[in-house]
Structures are given as C-alpha cells and as structure tokens.
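Just so you know, the sequence shown maps onto residues 12 to 207 in this note's numbering. All C-beta atoms, glycine included, are put in the ideal place defined by N, C-alpha and C. The model shown is predicted, which means the values in this text are computed figures rather than measured ones. Encoded as structure tokens, the structure appears first; notes follow it.
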Amino acid sequence: DRLVELSERANARQQSQNEVIARQSENATELSRDFVAAEAHARQELLTLQQQVVDAEATSREDLQRIHEQIVQRDADGRRELDEMHREAHTSITARTQAVDQQRDLMERERRQLAVERARAPIVAEAVKWVGGLIACLAPLVVVVYLIWSLRSSSESDSAVVEVLVEELVAERPRLLAGRRGPAALPQPAADRADL
C-alpha cells in the first residue's frame, strides 16, 4: 500500500511537473512565436527603413543632380549675361570714344579755321584800309579829270574853273582841298586871283 501511495504521489508529482513543463513549453512556444513575430516585424521595419533610405538616397541623388544642373545652367546664364554686358559696355565705350574723337576733330577744324580767319582778318583789314585810302586819294583826281574832260570845249568861265583846279592840283598848299571841314571854298573870279 505504501508503495502504491508513493507511486501515486510520484505520478502526481510527475504529472504536476509535466503540467508545469507543458505550461513552460507553451509559454516558451508563445514567447518563441512572439519573438518570431517581433523579429519579422523588426525585419519588415528594417526593410521599410532600408527602402526609405534607398528612396531618400535616390531622391537626394536626383535632387543633387537637379541642383547641379541648375547651378550649371545659372552659371552659363550668368556668363552669357556677363558677356553680353561686356559687349554692350565695349560698344558703348567705342561709340562714346568715336563721338569724343569726332567732337575733337570738329573742334580742331574749327580752331584751324579760326586761326586762318585770324591770320586773314588783319590782311583783309589792311587791304580794305589801303583800298579805302586809294579811293580817297583817287576820288579828287577822278572828279578833276571828269571836270576837265567835260569842260574841254566850254566857254571862258569853264576854262577858268579848269585853270583853278589845275592850280589846286599842282599847288604845294592847295586851298580848295586843304582838308577843311565845312563848305568848300568857292573859286574866286579871275580878277581877284590876279590880285593874289
């Protein structure tokens, strides 16, 4: 009896231990399932993160490529604008230089023309003065010659006038052409002249 009792107790213990082991095994299986699920979830998240990193790298590469292309394009545009501005500035400077050169040439021509006119002005003035003096000197002679010619065949009184004019012309001190500023002296009759 005792043996049966011990055997039952041992079986009960064994069964109790088997239940504990079964529970622990179930717990271990459940933990193992949870671990596998967690590991699968972690792997999925890792794959997702890796895909996001790959996508981000691809996007970054595309962005970098796009940014690089934009930089190259802007650099080309800037160089083109700079070249255009340089050409415009060169054209403007050339035009201004030509305008200044033309103005300088015009001023030089005007200066030369003024120099010629200044050099010519005293000559012209001297010529006018000389011609005026000549006309002033010849005018009385012309008048006398005209009078003599027109009076050649005149009467005796005309010959007296001619004689007076000839005397005036050959006299050292002419009385009629003495340079008076008033009315010219009238010729005196022949009898009065004889008294002189």
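Between the alpha carbons of Gln63 and Phe46 lies a distance of about 25 Å. Remark: C-beta atoms of Leu176 and Leu158 approach each other more closely than 8 Å. Here Gln81 has no same chain residue with a Cβ atom under 7 Å from its own Cβ, once five neighbours each way along the sequence are excluded.
Secondary structure note for Pro133: its alpha helix (DSSP H) is the uninterrupted segment Arg13 to Ser161.
DSSP places Ala171 in the helix class (H, G or I) of the three-state scheme. Taking a C-beta distance under 8 Å as the contact criterion, Val139 and Leu180 do not qualify as a contact pair.
The three-state secondary structure of Glu183, taken from DSSP, is coil. Between the C-alpha atoms of Val83 and Glu68 there is a straight-line separation of about 22 Å.
Looking at the backbone, the Cα of Ala106 and that of Met118 are separated by about 18 Å.
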